[in-house]
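What follows is one structure encoded as structure tokens, with my remarks underneath.
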Amino acid sequence: MNLKTEVLIIGGGATGAGIARDLSLRRIPSLLIEKGDFLSGASGRNHGLLHSGGRYVVSDPEAARECIAENRILRKIAPHCIEETEGLFVSLPEDGLDFRDRFIQACEETTLPARLLSRDETLSLEPGLNPDLLSAVKVPDGAIDPFELVLANVKDAEAHGARCLLHTEITSLLVDGDRVKTVLAKDLLHGEEYLIEAAYIINATGAWADQLLKLAGLRTAMALSKGSMLITNQRLTHRVVNRCRPPSDGDIIVPNHTVSILGTTSIPLEDAENFEVTHREVSLLIRETSKMLPAIEETRFIRAYAGIRPLFQSGEKGDDRAISRGFVLIDHEKRDGIRNLITITGGKLVTYRLMAEKTSDLLCRKMGIDVSCTTHLNTLPGAEKPSGLKDRLKPLGKVEALCDCELVRREEVEEVLREGKLKDLQDILHRTRLAKGTCQGGFCVYRLLGMLNELGLTEGNPNKILKGFLEERWKGIRPVLWESAVKEEELIEGIYKGIFNL
Amino acid sequence: MNKKPWPKSNPDVCIRCAACMAVCPVSRVTPLFPGPKQAGPGAERFRKTEDPSVDPWIDLCIGCHLCDLVCSSGVPISELNLIARAKYLDEKGRPLRDWLLTHSYLFSGIASFFSVITNFLLKNRAFKWIADAFLSIDRRRELPPYQSPTFRQWFRGHHSTGEKKIAYFYGCYINTNEMDVGKATVQVLEANNFEVILPPQECCGLPMLGNGNFKGARKMGLKNVPFLLKTIRSGVEIIFSSTSCGYMIRHDYSRLLNIPGSEEVAEHLFDLFEFLRNLRENGNLNTHFKEFPLKVAYFAPCHLRSLGIGLPALDILRLIPSLQIENIEADCCGLGGTFGFKKEKYDISQEIGKDLKAAINRLNPEIVLTDCEGCRMQIRHLTGLKVLHPIQILRDAWMR
Numbered sequence: 000m001n002l003k004t005e006v007l008i009i010g011g012g013a014t015g016a017g018i019a020r021d022l023s024l025r026r027i028p029s030l031l032i033e034k035g036d037f038l039s040g041a042s043g044r045n046h047g048l049l050h051s052g053g054r055y056v057v058s059d060p061e062a063a064r065e066c067i068a069e070n071r072i073l074r075k076i077a078p079h080c081i082e083e084t085e086g087l088f089v090s091l092p093e094d095g096l097d098f099r100d101r102f103i104q105a106c107e108e109t110t111l112p113a114r115l116l117s118r119d120e121t122l123s124l125e126p127g128l129n130p131d132l133l134s135a136v137k138v139p140d141g142a143i144d145p146f147e148l149v150l151a152n153v154k155d156a157e158a159h160g161a162r163c164l165l166h167t168e169i170t171s172l173l174v175d176g177d178r179v180k181t182v183l184a185k186d187l188l189h190g191e192e193y194l195i196e197a198a199y200i201i202n203a204t205g206a207w208a209d210q211l212l213k214l215a216g217l218r219t220a221m222a223l224s225k226g227s228m229l230i231t232n233q234r235l236t237h238r239v240v241n242r243c244r245p246p247s248d249g250d251i252i253v254p255n256h257t258v259s260i261l262g263t264t265s266i267p268l269e270d271a272e273n274f275e276v277t278h279r280e281v282s283l284l285i286r287e288t289s290k291m292l293p294a295i296e297e298t299r300f301i302r303a304y305a306g307i308r309p310l311f312q313s314g315e316k317g318d319d320r321a322i323s324r325g326f327v328l329i330d331h332e333k334r335d336g337i338r339n340l341i342t343i344t345g346g347k348l349v350t351y352r353l354m355a356e357k358t359s360d361l362l363c364r365k366m367g368i369d370v371s372c373t374t375h376l377n378t379l380p381g382a383e384k385p386s387g388l389k390d391r392l393k394p395l396g397k398v399e400a401l402c403d404c405e406l407v408r409r410e411e412v413e414e415v416l417r418e419g420k421l422k423d424l425q426d427i428l429h430r431t432r433l434a435k436g437t438c439q440g441g442f443c444v445y446r447l448l449g450m451l452n453e454l455g456l457t458e459g460n461p462n463k464i465l466k467g468f469l470e471e472r473w474k475g476i477r478p479v480l481w482e483s484a485v486k487e488e489e490l491i492e493g494i495y496k497g498i499f500n501l
Numbered sequence: 000m001n002k003k004p005w006p007k008s009n010p011d012v013c014i015r016c017a018a019c020m021a022v023c024p025v026s027r028v029t030p031l032f033p034g035p036k037q038a039g040p041g042a043e044r045f046r047k048t049e050d051p052s053v054d055p056w057i058d059l060c061i062g063c064h065l066c067d068l069v070c071s072s073g074v075p076i077s078e079l080n081l082i083a084r085a086k087y088l089d090e091k092g093r094p095l096r097d098w099l100l101t102h103s104y105l106f107s108g109i110a111s112f113f114s115v116i117t118n119f120l121l122k123n124r125a126f127k128w129i130a131d132a133f134l135s136i137d138r139r140r141e142l143p144p145y146q147s148p149t150f151r152q153w154f155r156g157h158h159s160t161g162e163k164k165i166a167y168f169y170g171c172y173i174n175t176n177e178m179d180v181g182k183a184t185v186q187v188l189e190a191n192n193f194e195v196i197l198p199p200q201e202c203c204g205l206p207m208l209g210n211g212n213f214k215g216a217r218k219m220g221l222k223n224v225p226f227l228l229k230t231i232r233s234g235v236e237i238i239f240s241s242t243s244c245g246y247m248i249r250h251d252y253s254r255l256l257n258i259p260g261s262e263e264v265a266e267h268l269f270d271l272f273e274f275l276r277n278l279r280e281n282g283n284l285n286t287h288f289k290e291f292p293l294k295v296a297y298f299a300p301c302h303l304r305s306l307g308i309g310l311p312a313l314d315i316l317r318l319i320p321s322l323q324i325e326n327i328e329a330d331c332c333g334l335g336g337t338f339g340f341k342k343e344k345y346d347i348s349q350e351i352g353k354d355l356k357a358a359i360n361r362l363n364p365e366i367v368l369t370d371c372e373g374c375r376m377q378i379r380h381l382t383g384l385k386v387l388h389p390i391q392i393l394r395d396a397w398m399r
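Note that the protein sequences, when read in sequence, are chains A and B.
FYI, in numbering that gives the first Met the number 0 the residues of the first sequence are 0 to 501.
FYI, in numbering that gives the first Met the number 0 the residues of the second sequence are 0 to 399.
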């Protein structure tokens, strides 16, 4: 099939979706292509931290300034994706107070609102914290749901004319002189091939940026770094808890819905596809974060996962001087003489909108048109709808919960299915909290498959789908399997093997 | 690194196996209650102490403890429910009805003294209609009649003798509503050569605790424990004939209410039949029973099962020659203390009782026996049969 578009966006993470929305609001037609589902890469594999900028304020004030500005914008345009928790930067005796004083100084210089709390004030806010702590600095960190955020961007983009193709991989970029002339893509589920003609191409593939550029014979000086995280069964604190020291392994605890996420590590990686969380990382994360919150030593974990950050050597900062080290925007016209190709990568979830704005600005300059960005002014769809844990708990007793751990209602899933376009199980799991709780889908995914079967929506062999899901689930559970989680796994295994004969 | 074991009381140890869902009497009959797994460890993940309660359905937990009993991981599910329920009711406020139902010990003395008038009123349709309309106490439920003299008054005129002393915690209901159970207890103990003494005692506080009133229940516990401590420290052990009062003192006083000295009391506090079974094991039980040709069925109350002592009444009653006794295979009668009196819960209570009723009908006994006053009321209500405490049959079977 032949497809034509003004702008082809490759990559369905936060950046790609953000660009699709930005362009659609500027009335520039675009087509987004993603080889998996939205958020299959780093956008769906992070802490869900709404940075205040505190984490970078000492080392990179420019990035911190971007964070706090975007933090304020997101609170306005995406309140339904955000929990305004506040964040604490906790100083432990072994950290001393030198870094804390530099931290407070840097916050003042970057106008990042920060307030020093005494030990007692801190413990009255978060009684579970290490009682030996010296002090804490309170900053406007928060929790953000990346899935809700990215899907709301997609929804808005589509409402304004953007198109998206999921589970479709770019197979070649055909360069003709100073342009990428045609792009070939393939539907990974059904095998259909597309020939795409686009005036401009934006590479928003994050950690896969080099892999895509290779198709055009290009590359960036990009290195990959794995960051691993652990999810606890219960939410341990109300606020984000950071360690007040230079960023390092295991220095952050982010509350997220019913759980807390402990992060993170940083390990160089060769391959963007095959990686797992190691035993050493699990131990490191528990050891370090439990210094801030001793209860972590005795808490249950339900999953370990990792995301990949693209890192850039200091020489490679992109061409636009206005852009900080937080993200990299490459105009391949200036760099490689390819006029219609732009690469945007790096950055953080919280700056996705700014990255989309800068990318779209560059594109507009190249197109020779002058339309300004409005993504910071218009709220995202769903902003009016309330959300919170209590809204899930309340209707229990009146409605059937399909997922008993996260209290996802059957109707909720039916609504997602009605919106259509879902091609595999993972797509449904990205759009609801189903399988994100204690049993990680062990008990509810077969119910979901039954429901899909009833509705005639299962494509392919349900046993194969279930096996695929279980393998992926096992990968996440294996690193954190001890104590009663082992019993639960045995029970689940008994069900699948003994009853379902899988 | 060495991973520390997780604390056992934490809902983290729930393995989501749903064994509790299979025994919960409430979720079995109504979708309004999501069941122990969801209401307890499941919902704990959503509750935050600083947030107001949003789970009115938690008030439907009947407090039978069957979930705790079957949990493979030892999660104290019904306690989690009770704490959540207390928070919900503290915030929402309790109706006057709940106060009346849980403070009957305050006016039961007067009610007994004027039992003729009280009982006339309690059976009076107009009175019941008023109680239903204004207090939401379901008019289909019989209100238990009061007796005069009370058990305590009877005991005052009774001269108990025996070689060894035993103390008796009889509980409110035996005192004012079913004094013959108390009388039978005293007679059986005396027949085994025990001198019965009655330590000073107040309501154990279970009705309040069951209604999520921790403060009120603790107050009762704080009154009772010093009396009971004094008794056991003088070398006298204590027995109870009501399994609910017994469970409260033995388990909830220490575990939920943190009453000083309650653990010491618990070590010397026995279920009446548990005590008799101990006597029997030591060869000290008077077993001079006569032929007692009667067909009875025995129902084990939830609180008895939670005590984890087996079914001692059944063990002892089986010693009676010609007594045909069958165990009723059914879970929870559905009354749940004050639960089944409440208008909004009456239908659930009846629905739960259906299984028990059917099981009794299959056995077709002349008399039903059970250790708990709540179960006795409910079984009378469900079947219209004569329902006694097993001690009453034991007394009657004795050769004199």
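Positions of the beta carbon are idealized from the N, C-alpha and C atoms, including for glycine.
Just so it is clear, the structure is predicted and the values come from calculations on it, not from any experiment.
Unbroken alpha helix (DSSP H) run spanning residue i, endpoints
i: residue 377 of chain B; result: 372-382
i: residue 351 of chain A; result: 351-366
i: residue 216 of chain B; result: 213-232
Neighbour flag for residue i against chain A, beta carbons, 9 Å
i: residue 397 of chain B; result: no
i: residue 348 of chain B; result: no
i: residue 9 of chain B; result: yes
i: residue 49 of chain B; result: yes
i: residue 15 of chain B; result: yes
i: residue 38 of chain B; result: yes
Best match in the options for proximity to residue i [C-alpha to C-alpha]
i: residue 308 of chain B; options: B/273, B/98, B/368, B/394; result: B/273
i: residue 352 of chain A; options: A/49, A/399, A/454, A/97; result: A/49
i: residue 27 of chain A; options: A/41, A/8, A/291; result: A/8
i: residue 176 of chain A; options: A/425, A/337, A/234, A/493; result: A/337
i: residue 362 of chain B; options: B/155, B/239, B/382, B/66; result: B/382
i: residue 290 of chain B; options: B/150, B/82, B/395; result: B/395
i: residue 383 of chain A; options: A/145, A/151, A/105, A/90; result: A/151
i: residue 206 of chain A; options: A/394, A/453, A/401, A/346; result: A/346
i: residue 103 of chain A; options: A/93, A/115, A/407; result: A/115
Residues near residue i by beta carbon distance below 8 Å, same chain, minus five either side
i: residue 216 of chain A; result: 174
i: residue 185 of chain A; result: 167, 168, 170, 191, 192, 193
i: residue 321 of chain A; result: The predicted model places residue 321 of chain A with a pLDDT of 40, which falls under 50 and marks its position as unreliable; any figure quoted below should be read in that light. Cβ within range, chain order: 357.
i: residue 112 of chain B; result: 147
Beta-carbon proximity list for residue i, same chain, < 7 Å, skipping 5 on both sides
i: residue 318 of chain A; result: Legend: pLDDT at residue 318 of chain A = 45, less than 50; position of this residue unreliable, value from coordinates given subsequently. 329, 330, 333, 334, listed in sequence order.
i: residue 284 of chain B; result: 191, 275, 278
i: residue 387 of chain B; result: 366, 368
i: residue 101 of chain A; result: 57
i: residue 159 of chain B; result: 185, 189, 194, 195
i: residue 358 of chain B; result: 327, 328, 329
Boundaries (first-last residue) of the beta strand (DSSP E) holding residue i
i: residue 226 of chain A; result: 221-231
i: residue 148 of chain A; result: Per DSSP, residue 148 of chain A belongs to no beta strand (DSSP E); it is in the alpha helix (DSSP H), 145-158.
6 Å CB neighbourhood of residue i in its chain, flanking five on each side removed
i: residue 299 of chain B; result: 310
Neighbour flag for residue i against chain B, beta carbons, 9 Å
i: residue 482 of chain A; result: yes
i: residue 257 of chain A; result: yes
i: residue 462 of chain A; result: no
i: residue 397 of chain A; result: yes
i: residue 129 of chain A; result: no
i: residue 233 of chain A; result: yes
Bridge partners - residue i, DSSP secondary structure assignment
i: residue 186 of chain A; result: A/167
i: residue 330 of chain A; result: A/341
i: residue 57 of chain A; result: DSSP, once it has assigned bridges, lists no residue as partnering residue 57 of chain A.
i: residue 259 of chain A; result: A/254
i: residue 416 of chain A; result: Paired residue(s): none; residue 416 of chain A is not in a bridge.
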